[in-house]
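Engineer: One point on numbering: in the numbering used here, the residue at position 32 of the sequence shown is 172, and numbering is uninterrupted. For glycine and all other residues, C-beta sits at the position ideal for the given N, C-alpha and C. Quick caveat, the model's predicted, so the values are computed rather than measured. First, the structure itself, so that you have it in front of you.
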Amino acid sequence: MGYKSLTECVADLEAHGHLLRIKEEVDPYLEMAAIHLQVYAQQGPALFFEKVKGSPFPAVSNLFGTLERSKFMFRDSLPNVEKLVSLRSDPIKALKNPLKYAGAALTALSALPMKQSLFKSAFKKTTISELPQIVNWPMDGGPFVTMPQVYTEDPDKPGIMNANLGMYRIQLAGNEYIKDAEIGLHYQIHRGIGIHQAKANAKGQPLKVSVFIGGPPSHPLAAVMPLPEGLSEMTFAGALGNRRFRYFYDDEGFCLSADADFVITGTVYPHETKPEGPFGDHLGYYSLTHPFPLMKVHNVYHREDAIWSFTVVGRPPQEDTSFGALIHEITGSALPQEIHGLKEVNAVDAAGVHPLLFAIGSERYTPYLKGRRPQEILTIANHILGKNQLSLAKYLFIAAREDDESLDTHDIEKFLHHILSRIDLKRDLHFYTQTTIDTLDYSGQGLNSGSKVVIAAAGEVLRVLTAELPAGVTIPEPFVEHAMVMPGVLAITAPEYVDARVAGFEIYGLAEHLENQELSGLALIVLCDDAAFTAANINNFVWVTFTRSNPAVDINGVGGAFLSPKHWGCTGPLIIDARKKPHHAPELIMDKEVELNLKRFNL
């Protein structure tokens, strides 16, 4: 829909039964987040908070809480936008079928950003402390903007067509920030804003930053879209929203989105940082306090009817899961067009998205050989790990499409069964050590530092996976409790992790004990803090296993682990040490008292 504002969107959702109004005053400290989490878990409606304690502004959340509602908001524009993305990855389609793609071309043309000064009078000024001070989790360092659109322009090529619009969290208060004068920006080094800041630093000049909150729902979605190179987020927002992105510049030269509900303007000076965090993040743990860029606030603008838009970040699934599903609807075919031989790739949401990728590619090398092995899919794997956010992955499982054309990367258990039954553990593990991982992932050696592994499988089934622990297999002390997760995968409760030296002795003892036992039906053993929890469902398994391990450090094996030449392998099942470790960040736990108090809302 071509919503002119967030207010129009809220009214449309309410008229069609997609929105619940909460009229009672709600505390932004933990309570609003707890309500959101409870309603999202029930796949409930969007939430409109009429009275936010301590702020004159109402708030809305869970707009994108279901794929159905997300598609409803863009019901008039999705078909042409999907064609536009497809056309960008393969423009020859327009020449072959001009009538079919005429709408997409018109969509792109009509979506060009529009500069208009008449919107200046629609904005008033406020302060940071007047904004809803929403805190999601008990250990958060302060209130955060969780659905911002952060706008910066290229210092070498100023102007909106070379600008970047991204969604990076903003800390509004707490820590060492001066009240109403300073806020914190958190973003990763490869993002567009990071490139812009690097250029500004090289020139010795401050970077101008505008933070937009609210506006039509096409704007926050455009800020998180993995767009093809050269396609502006502002143009995409216009195409998706059936309404051109309207903007103007204030008297200090900052760009303002004319349709945003709030705009915070400020400057980031070269190499000036302050501690930011902790913050409950999408891996299901806190990201800890670290120095991040400091933004010195110039102005805080708001519309007359401004609505504060927010979301709650935590262990998946959350609202950003629906974001991801909608993005897949729009761009699902784009990545295979960019990576030759790739059929599909899935960043597994249940594992926190970034830690775990599943992929399917073609394996067509040396087809004349009787026994196939991973070759082409290893080349594809390298391409995948060099792509944007996919480069943050730690584990990439990749299968050959020729082995099963029906294989689906979104069916977690079936996909893992396919890989684990075919993998040659002596040959098919490929490690990347001393490399970058997600800034939010604390399983590695330090901030943004860890390892990766590609686990590739192509060819015939090598083992029949068993759904029960093979007869006669015993588990030694101190490893006692165990549970089968799925065929071929065993979870074992291990002693509390002490340090790497002790862990090494423990795992060596376990591997030595198992080496001469009949383990042919097992492919993977996971050491964890609670085998029953890990094995309770497949989502628990992938979350525990792949968020709490660093591949090069925590992968071991049964049966003669070796290096030949400089290639690690083993003959028996893999062992992944997925225990909580002292350097890991704490997991997210909601305040029980706040949860009990939600009964008064009759949700």
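Along the alpha helix (DSSP H) that carries asparagine 696, what are the first and last residues, could you check?
Structural biologist: Unbroken run through asparagine 696 is the beta strand (DSSP E), 695-697; no alpha helix (DSSP H).
Engineer: Using only the alpha-carbon positions, how far apart do isoleucine 552 and alanine 725 sit?
Structural biologist: 26 angstroms
Engineer: Please say whether proline 415 and threonine 429 have beta carbons closer to each other than 8 angstroms?
Structural biologist: yes
Engineer: How far does the beta strand (DSSP E) with arginine 386 in it extend, from its first residue to its last?
Structural biologist: Element bounds for arginine 386: 386-389.
Engineer: Reducing DSSP to helix, strand and coil, say where arginine 161 ends up.
Structural biologist: strand
Engineer: Below 8 angstroms on the Cβ atoms is my guess for valine 200 versus alanine 186; work out the distance and round it to an integer in Å.
Structural biologist: 6 angstroms
Engineer: In or out: phenylalanine 645 buried (at least 16 other Cβ within 10 Å) or exposed?
Structural biologist: exposed
Engineer: Mind reading off the beta-carbon distance from phenylalanine 263 to proline 495? Whole number of angstroms is fine, and I expect it under 8 angstroms.
Structural biologist: That pair is no contact at about 41 angstroms.
Engineer: Roughly how many angstroms lie between the CA atoms of serine 217 and glycine 381, to the nearest whole one?
Structural biologist: 7 angstroms
Engineer: Determine whether the beta carbon atoms of threonine 147 and leucine 252 lie at a separation below 8 angstroms.
Structural biologist: One thing to note: threonine 147 has its Cβ no nearer than 8 angstroms to the Cβ of leucine 252.
Engineer: Using three-state DSSP, classify glycine 282 as helix, strand or coil.
Structural biologist: coil
Engineer: Do proline 196 and phenylalanine 189 count as a contact pair if the criterion is CB distance below 8 angstroms?
Structural biologist: no
Engineer: Just curious, the beta strand (DSSP E) that proline 360 is in, first and last residue?
Structural biologist: Premise fails: proline 360 lies in the alpha helix (DSSP H), 358-364, not in any beta strand (DSSP E).
Engineer: Could you give the DSSP three-state label for threonine 451: helix, strand or coil?
Structural biologist: Coil.
Engineer: Check whether the stretch 610-622 touches the stretch 578-597, taking contact to mean three or more Cβ pairs, one atom from each stretch, closer than 8 angstroms.
Structural biologist: no
Engineer: Could you work out which residue in Tyr180, Met213, Glu164 is closest to arginine 455 when comparing CA atoms only?
Structural biologist: Among Tyr180, Met213, Glu164, the Cα nearest to that of arginine 455 belongs to Tyr180.
Engineer: Find the nearest neighbour of glutamate 316 within the set Lys436, Val453, Asn656, judged by alpha-carbon distance.
Structural biologist: The shortest Cα separation from glutamate 316 among Lys436, Val453, Asn656 belongs to Lys436.
Engineer: What is the rounded straight-line gap between the Cα of glycine 194 and the Cα of serine 427?
Structural biologist: Between the alpha carbons of glycine 194 and serine 427 lies a distance of about 27 angstroms.
Engineer: What residue range does the beta strand (DSSP E) around valine 408 cover?
Structural biologist: 402-416
Engineer: Per DSSP, glutamate 484 is paired with what?
Structural biologist: Ile500
Engineer: Hey, could you find the ends of the beta strand (DSSP E) isoleucine 665 is sitting in?
Structural biologist: 664-668
Engineer: Use the C-beta contact count for lysine 343: other C-beta atoms within 10 angstroms, 16 or more gives buried, fewer gives exposed.
Structural biologist: exposed
Engineer: Can you look up glycine 424 in the DSSP assignment and give me helix, strand or coil?
Structural biologist: In the three-state scheme derived from DSSP, where H, G and I count as helix and E and B as strand, glycine 424 is classed as coil.
Engineer: Taking C-alpha atoms, which residue in Thr633, Asp578, Thr206, Phe537 lies nearest to arginine 719?
Structural biologist: Thr633
Engineer: Select from Gln256, Gln337, Trp683, Thr266 the residue whose C-alpha is nearest the C-alpha of tyrosine 291.
Structural biologist: Of the listed residues, the one whose Cα sits closest to tyrosine 291 is Gln337.
Engineer: Rounding to the nearest angstrom, what Cα-Cα distance links serine 689 and serine 546 in this structure?
Structural biologist: 30 angstroms
Engineer: Can you tell which of His550, Leu565, Ile268, Glu293 has its C-alpha closest to the C-alpha of phenylalanine 284?
Structural biologist: Ile268
Engineer: Assuming valine 604 contacts glutamate 658 (C-beta within less than 8 angstroms), just tell me the rounded distance between them.
Structural biologist: Not quite, the Cβ-Cβ distance comes to about 13 angstroms (not below 8 angstroms), so this is no contact.
Engineer: Is it right to say glycine 697 is buried, meaning 16 or more other beta carbons lie within 10 angstroms of its own, or is it exposed?
Structural biologist: buried
Engineer: With H, G and I counted as helix, E and B as strand and the rest as coil, what does DSSP make of glutamate 148?
Structural biologist: helix
Engineer: Hey, glutamine 183 and threonine 206: beta-carbon distance below 8 angstroms or not?
Structural biologist: Taking 8 angstroms as the cut-off, the beta carbon of glutamine 183 is found closer than this to the beta carbon of threonine 206.
Engineer: Tell me whether leucine 728 sits in a helix, a strand or coil according to DSSP, three-state version.
Structural biologist: coil
Engineer: What's the C-alpha gap between isoleucine 647 and serine 561?
Structural biologist: Looking at the two C-alpha atoms, the distance is approximately 23 angstroms.
Engineer: Output the boundary residues of the beta strand (DSSP E) element that contains aspartate 463.
Structural biologist: At residue 463 the sequence reads phenylalanine, which differs from the aspartate that was named. Looking at the DSSP string, phenylalanine 463 is not in any beta strand (DSSP E); the run it does join, the alpha helix (DSSP H), is 459-471.
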